[in-house]
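Chemist: The structure under discussion is supplied below as structure tokens; questions concerning it will follow.
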Amino acid sequence: MSMESAESQFDLAVIGAGPGGYVAAIRAAQLGLKTAIIERDHLGGICLNWGCIPTKALLRTAELYHQIGRAAEFGLTCDNLRFDFARVVERSRKVAGRLSSGVAYLMKKNKITVIDGEATLKGDGKIAIAGKDGETHTIDAKHIVIATGARARELPGLEADGRLVWTYKDAMVPSAFPKSLLVIGSGAIGIEFASFYRTLGAEVTVVELLDRILPAEDAEISALARKAFARQGMTIHTGTNVDGLVRHEDSVTARLTKPGLTGELTVDRVILAIGITGNVEGLGLEQQGIKIEKGRIVVDQWGATGSPGLYAIGDVVSPPWLAHKASHEGVLCVEKIASVEGVHPLDKSAIPACTYSAPQVASVGMTEEAARAEGRSVKVGRFPYSANGKAIVLGETEGLIKTIFDAESGELLGAHMIGAEVTELIQGFAVAKGLETTEAELIASIFPHPTLSEMMYESVLDAYGRALHI
């Protein structure tokens with residue numbers, strides 16, 4: 086909406102239209118609040134436009150490319166397989182554009198006022214919005230939710246330039262396919278890009294400062310992931326630091342160091358995947374008494390900042406930096422504002438995490454290491470993909486389902502998976518955990534056959550010495 090046509094009085098205004106912001110706006114409208122949402126770029130935010138959705142479109146292409154390359158295993162013939170990288174990128178952008186348009190439809194459907202521009206807090210519920218045309222408009226809102234998200238983190242000497250050294254944005258829209266690539270950081274973002282480019286044929290090296298890749302995941306799953314990626318030809322250096330980058334005309338040399346060893350690696354391009362930092366600048370936060378620590382807004386369990394009428398959700402607040410966590414926070418924050426009965430604070434232990442690499446990785450709840458560190462007595466179950474009929478049918482026999490239970494109460498503490506479609510399977514355990522399910526309810530459940538989900542059942546059985554198919 087243009088500055089001239091924008092209304093000025095609202096019950097609630099949301100700054101930022103990513104998956105946290107636009108969902109918060111929809112829930113507010115559903116609850117009868119007159120709502121506005123302010124966005125300086127594209128509806129859908131980073132997730133829909135430059136993150137979750139377009140990266141998965143790229144990874145889907147890589148998955149199909151890999152599967153078609155295995156055609157002979159399934160009695161099929163496919164000669165001269167190749168890819169058109171420009172069209173791969175084009176499809177990814179079209180997918181993002183389609184979903185961004187979908188958010189615009191949802192805003193219209195829910196009668197939410199959309200205002201294009203950059204917002205600055207002016208106090209007493211006032212927000213100054215600088216439009217792209219240079220005009221400034223002010224609106225008033227009783228409640229303001231800050232959902233400005235985050236951007237790629239950079240370090241001195243490792244700054245992105247968009248040509249040789251990429252952020253995740255640059256890695257999604259390169260002008261040409263790189264023959265060799267260095268990925269700095271092995272969290273979900275780094276591993277997904279490493280998997281995409283390696284599957285399509287690039288020589289990929291991953292460098293991680295910590296002692297293992299996917300360091301937030303269960304150590305056993307992390308080790309299996311490393312073996313799988315190594316078999317695919319990916320080079321992985323853990324416990325290694327990148328001290329600096331030397332940029333040449335069309336390549337980059339990285340200086341790698343680890344205790345007792347120093348070396349250099351020259352590649353076509355570098356991807357920075359060393360975390361994110363909140364978009365807190367230029368909003369006038371400090372002037373409103375909002376506390377900021379390490380690039381993140383400090384809030385309570387309901388998203389309240391401590392400054393009356395001001396709230397914050399999503400990546401600008403705290404980890405885990407996940408779209409579904411931001412959306413859930415948005416709903417809880419708005420429902421608390423609207424005094425909806427029965428609202429409960431977010432339980433971070435019930436948030437599933439997914440990495441859409443090949444193989445996929447997914448988890449919810451505590452790792453085995455964390456459970457034991459708390460002094461809990463645990464029962465651990467495991468079931469391999471190689472023993473599951475549906476996995477064998479699919480030709481996807483690499484993987485593991487791992488479950489962790491409290492030995493005394495039977496409480497499901499955590500579930501950790503690696504293998505085909507685990508990003509879909511994990512929600513079964515997320516629901517179970519939210520319902521405070523014990524092993525008894527899971528064992529009493531009937532899982533359809535033949536499905537990958539049967540491995541979830543067998544993993545639970547294994548934790549209690551009752552596995553049927555191993």
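So the sequence shown is numbered by this note's numbering: it starts at 86 and just counts up by one. For each residue, glycine too, the CB sits at the ideal point set by N, CA and C.
(1) For the beta strand (DSSP E) containing Asp-491, name the first residue and the last one.
(2) Which two residues bound the contiguous beta strand (DSSP E) that contains Arg-340?
(3) Just to confirm the assignment, what range does the alpha helix (DSSP H) spanning Arg-178 have?
(4) Rounded to a whole number of angstroms, what is the C-alpha to C-alpha distance between Arg-551 and Gly-210?
(5) From what residue to what residue does the alpha helix (DSSP H) around Ser-307 run?
(6) Tell me where the alpha helix (DSSP H) around Asp-328 begins and ends.
(7) Going by beta carbon distance, what residues of the same chain come within less than 6 Å of Tyr-107, once the five residues before and after it are set aside?
(8) Report yes if the C-beta distance between Ile-131 and Gly-234 is below 9 Å; otherwise report no.
(9) Have a look at Glu-334, Asp-303, Ile-377, Trp-135 and flag the residue whose alpha-carbon is nearest the alpha-carbon of Ala-447.
(10) Have a look at the DSSP bridge pairing and note the partners of Val-268.
(11) What first and last residue would you give for the beta strand (DSSP E) that runs through Ser-448?
(12) How should Met-541 be labelled, buried or exposed, when 16 other C-beta atoms within 10 angstroms of its C-beta is the threshold for buried?
(13) Between which residues of its own chain and Gln-372 is the CB-CB distance below 8 Å, once the five residues before and five after are set aside?
(14) Take the Cβ of Gln-512 as the centre, count every other Cβ of all protein chains shown within 10 Å, and call the residue buried at 16 or more, exposed below.
(15) Less than 8 Å between C-beta atoms, sequence neighbours within five positions excluded: which residues of the same chain meet that for Val-416?
(16) In three-state DSSP terms, what is His-322?
(17) According to DSSP, simplified to helix, strand and coil, what is Gln-386?
(18) Tell me the start and end of each unbroken beta strand (DSSP E) in the stretch 196–258 that is at least 3 residues and wholly inside, in chain order.
(19) Rounding to the nearest angstrom, what Cα-Cα distance links Ile-298 and Ala-313 in this structure?
(20) Report the rounded CA-to-CA distance for Lys-129 versus Gly-103, giving the unit in angstroms.
(21) Examine the Cβ distances between the stretch 478–491 and the stretch 412–427 and report whether three or more of them are shorter than 8 Å.
(22) What does the Cβ neighbour count give for Val-478, buried or exposed, with the cut at 16 atoms within 10 Å?
(23) Tell me the DSSP secondary structure of Val-465 in three-state form.
(24) Using three-state DSSP, classify Ser-538 as helix, strand or coil.
(25) So what's Ser-90 in DSSP terms, helix, strand or just coil?
(26) I need the straight-line Cα distance from Leu-149 to Glu-158, nearest angstrom please.
(27) Report the residue from Val-507, Ala-476, Ala-261, Val-428 whose alpha carbon sits nearest the alpha carbon of Tyr-282.
(28) State the Cα-Cα distance for the pair Ile-276 and Ser-442, rounded to the nearest angstrom.
(29) At a Cβ threshold of 9 Å, is Lys-421 touching chain B?
(30) Would you give the residue range spanned by the alpha helix (DSSP H) that His-151 belongs to?
(31) Straight-line CA distance for Ala-256 to Val-268?
(32) Can you tell which of Trp-135, Val-291, Ala-98, Ala-181 has its C-alpha closest to the C-alpha of Ala-226?
(33) Sorted by chain position, which residues of the same chain lie with C-beta nearer than 6 Å to Gly-356's C-beta, five sequence neighbours on each side aside?
(34) Decide if the stretch 337–355 is in contact with the stretch 321–329; the criterion is three or more beta carbon pairs, one per stretch, under 8 Å apart.
(35) I'd like to confirm the pairing. Which residues does DSSP put opposite Ile-361 in its beta bridges?
(36) By Cβ distance below 8 Å, which residues in the same chain neighbour Ile-382 in space, the five residues on each side in sequence not counted?
Modeler: Taking the structure as given:
(1) Here residue 491 is taken as the residue at index 406 of the sequence shown, counted from 1. Segment 485–491, the beta strand (DSSP E) holding Asp-491.
(2) What you label residue 340 is simply residue 255 of the sequence shown in a count that begins at 1. Looking at the DSSP string, the run of the beta strand (DSSP E) that includes Arg-340 is 337–343.
(3) By one-based count along the sequence shown, residue 178 stands at place 93. Per DSSP, the unbroken alpha helix (DSSP H) holding Arg-178 starts and ends at 170–194.
(4) If you number the sequence shown from 1, residue 551 lands on position 466. If you number the sequence shown from 1, residue 210 lands on position 125. If you take the alpha carbons of Arg-551 and Gly-210, they lie about 60 Å apart.
(5) As a first step, residue 307 is located in the sequence shown; it is residue number 222 there, counting from the start. 304–316 is the span of the alpha helix (DSSP H), which, as asked, contains Ser-307.
(6) Residue mapping note: residue 328 aligns to position 243 of the sequence shown, counting from 1. From DSSP, Asp-328 is part of no alpha helix (DSSP H) but of the beta strand (DSSP E) over 326–332.
(7) Locating residue 107 in the sequence shown gives position 22, where the first residue counts as 1. Answer for Tyr-107: Val-188, listed in chain order.
(8) In the sequence shown, the residue the question calls residue 131 occupies position 46. In the sequence shown, the residue the question calls residue 234 occupies position 149. It is a contact, given that the beta carbons lie within the stated cut-off.
(9) Start at 1 with the first residue of the sequence shown, and residue 447 comes out as number 362. Measuring from the Cα of Ala-447, the nearest candidate turns out to be Asp-303.
(10) The residue labelled residue 268 in the question sits at position 183 within the sequence shown. For Val-268, which the question treats as bridged, DSSP gives the partners Val-291, Ile-356.
(11) By one-based count along the sequence shown, residue 448 stands at place 363. Here the beta strand (DSSP E) through Ser-448 covers 445–450.
(12) Here residue 541 corresponds to residue number 456 of the sequence shown, with the count starting at 1. With 16 or more other Cβ atoms within 10 Å, it is buried.
(13) For the purposes of this step, residue 372 is identified with residue 287 of the sequence shown, where counting begins at 1. If we look at Gln-372 and ignore the five residues flanking it on each side, its Cβ neighbours are Leu-206, Gly-208.
(14) For the purposes of this step, residue 512 is identified with residue 427 of the sequence shown, where counting begins at 1. Result: exposed.
(15) Here residue 416 refers to the residue found at position 331 when the sequence shown is read from its first residue. For Val-416, where only same-chain residues beyond five positions count, the Cβ hits under 8 Å are Val-108, Ala-109, Arg-112.
(16) Here residue 322 is taken as the residue at index 237 of the sequence shown, counted from 1. Correct three-state label for His-322: strand.
(17) What you label residue 386 is simply residue 301 of the sequence shown in a count that begins at 1. In the structure shown, Gln-386 sits in coil (DSSP, three-state: anything other than H, G, I, E or B).
(18) 198–201, 203–208, 211–215, 221–231, 235–237
(19) Against the sequence shown, residue 298 aligns to sequence position 213. Against the sequence shown, residue 313 aligns to sequence position 228. Going from the Cα of Ile-298 to the Cα of Ala-313 covers about 12 Å.
(20) Counting from 1 along the sequence shown, the entry for residue 129 is found at position 44. Counting from 1 along the sequence shown, the entry for residue 103 is found at position 18. Inspection of the sequence shows that residue 129 is occupied by Gly rather than by Lys. C-alpha separation (whole angstroms): 4 Å.
(21) no
(22) For the purposes of this step, residue 478 is identified with residue 393 of the sequence shown, where counting begins at 1. When all chains shown are included, Val-478 counts as exposed.
(23) Stepping through the sequence shown from its first residue, residue 465 is reached at position 380. Residue state, collapsed to three classes: strand.
(24) Indexing the sequence shown from 1 puts residue 538 at position 453. Correct three-state label for Ser-538: coil.
(25) Along the sequence shown, read from residue 1 onward, the residue named residue 90 stands at position 5. For Ser-90, the predicted model reports a pLDDT of 48, less than 50, meaning its position is unreliable and no value from the coordinates is stated.
(26) As a first step, residue 149 is located in the sequence shown; it is residue number 64 there, counting from the start. As a first step, residue 158 is located in the sequence shown; it is residue number 73 there, counting from the start. In this structure, the CA atom of Leu-149 is about 14 Å from the CA atom of Glu-158.
(27) On the sequence shown, residue 282 is found 197 positions in, with the first residue counted as 1. The residue with the shortest Cα to Cα distance from Tyr-282 is Ala-261.
(28) As a first step, residue 276 must be located in the sequence shown, where it is residue number 191. As a first step, residue 442 must be located in the sequence shown, where it is residue number 357. The alpha-carbon atoms of Ile-276 and Ser-442 are separated by roughly 7 Å.
(29) Protein chain content of the structure displayed is limited to a single chain, and chain B is not contained in it.
(30) Within the sequence shown, the letter at position 66 stands for residue 151. Its alpha helix (DSSP H) spans residues 137–154.
(31) Along the sequence shown, one-based indexing puts residue 256 at 171. Along the sequence shown, one-based indexing puts residue 268 at 183. Roughly 10 Å between the two C-alpha positions.
(32) Position 141 of the sequence shown, counting from 1, holds the residue named residue 226. When each option's Cα is compared against that of Ala-226, the closest is Ala-98.
(33) Counting from 1 along the sequence shown, the entry for residue 356 is found at position 271. Per the sequence shown, the amino acid found at residue 356 is Ile instead of Gly. For Ile-356, where only same-chain residues beyond five positions count, the Cβ hits under 6 Å are Trp-251, Ala-256, Val-268, Phe-278.
(34) yes
(35) For the purposes of this step, residue 361 is taken as the residue at position 276 of the sequence shown. Looking at the DSSP assignment, Ile-361 forms a beta bridge with Ala-237.
(36) In the sequence shown, counting from the first residue as 1, residue 382 sits at position 297. Ile-231, Gly-363, Val-365, Leu-370, Ile-375, Lys-376, Thr-390, Ala-397, Val-401, Val-402, listed in sequence order.
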